[in-house]
Amino acid sequence: MQLTDRKQESGSWGAIAIAPDSYLHCVALPHAEQSEYGLRATARSLSPTGKQSGSALVISLIILIILMLLGITAMNISDTQYKLAGNLQFENMAMNNAETAVIAAEQWLETNAAATPSASAVPTPFDPFAITDPYTIGYVSTNASPLAGVGLDCFDPSNEHNFDCVHTYLITARGEGGRGATKFVQVYYAVPLK
2 MQLTDRKQES
12 GSWGAIAIAP
22 DSYLHCVALP
32 HAEQSEYGLR
42 ATARSLSPTG
52 KQSGSALVIS
62 LIILIILMLL
72 GITAMNISDT
82 QYKLAGNLQF
92 ENMAMNNAET
102 AVIAAEQWLE
112 TNAAATPSAS
122 AVPTPFDPFA
132 ITDPYTIGYV
142 STNASPLAGV
152 GLDCFDPSNE
162 HNFDCVHTYL
172 ITARGEGGRG
182 ATKFVQVYYA
192 VPLK
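Quick look at the structure:
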């Protein structure tokens, strides 16, 4: 607030209080005309109509509500994208674990195919979701190798080309990742007769 002195017509001095950013100006009257309250206040409005409509407040509240809704939407989208990226990572981990189980089953067949025990047929259909082991191996057949040609009988004792016959197995591998992600891989694997 800036205080300036000015000389009135009557010769007495008065003080004028000027507040540049205020709507209210206080004027000190000359000493002879001052009332018992000292200063007389006059109010001035800067709007051309003389009344304020309050539209700036309403517009600013609407803008704040819009910004708040945009912020909430951005947070939800970011959270959804984070979950999607995490789910893809868990599914990739489950697939890698299933492929690792297939490799372990193939290595087991390479070393133990001749010692594989025999089993009878199961009366109920196979349910891959019921397995808890990382892999299961099922015997499919003994056939001639595709490279040996047609007409080779693998069970003929006079067959001297037994190395052209293979045991075929079905490997079902299961891999698990985080958040319940599960992947199954089935592979046919052929092991030559020895």
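Numbering-wise (the numbering used here), the sequence shown opens with residue 2 and increments by one.
By construction, the Cβ of each residue, glycine as well, lies at the ideal position given by its N, Cα and C atoms.
{"query": "9 Å Cβ cutoff met for Ala-106 and Tyr-140", "result": "no"}
{"query": "Through-space distance from Gly-72 to Val-103, alpha-carbon basis", "result": "47 Å"}
{"query": "Simplified DSSP assignment, three categories, for Ala-191", "result": "strand"}
{"query": "7 Å Cβ shell around Lys-84 - same chain, five flanking residues per side excluded", "result": "none"}
{"query": "Per-residue DSSP class, three states only, for Gln-74", "result": "The question names Gln, but residue 74 is Thr in the sequence shown. In the structure shown, Thr-74 sits in a helix (DSSP, three-state: H, G or I)."}
{"query": "Neighbourhood of Glu-177 by C-beta distance below 7 Å, restricted to the same chain and skipping five residues each side", "result": "Ala-95, Asn-98, Thr-183"}
{"query": "Alpha-carbon to alpha-carbon, Ala-86 and Thr-101", "result": "23 Å"}
{"query": "Own chain residues within Cβ distance below 8 Å of Leu-58, not counting five before or after", "result": "none"}
{"query": "Opposing strand residues paired with Glu-107 [DSSP bridges]", "result": "Its beta-bridge partners do not exist; DSSP assigns none."}
{"query": "Residue closest to Leu-171, alpha-carbon to alpha-carbon, out of Val-186, Ile-64, Pro-126", "result": "Val-186"}
{"query": "Pair within 9 Å by beta-carbon distance, Gln-90 and Gly-179", "result": "yes"}
{"query": "Close beta carbons around Glu-111, own chain, < 8 Å, minus the five adjacent residues each side", "result": "Val-192"}
{"query": "Straight-line gap, Gly-55 to Glu-92 (C-alpha atoms, nearest Å)", "result": "57 Å"}
{"query": "N-terminal and C-terminal residue of the beta strand (DSSP E) that Arg-175 is part of", "result": "166 to 177"}
{"query": "Minimum C-alpha distance to Tyr-190 - residue among Trp-109, Arg-175, Thr-125", "result": "Trp-109"}
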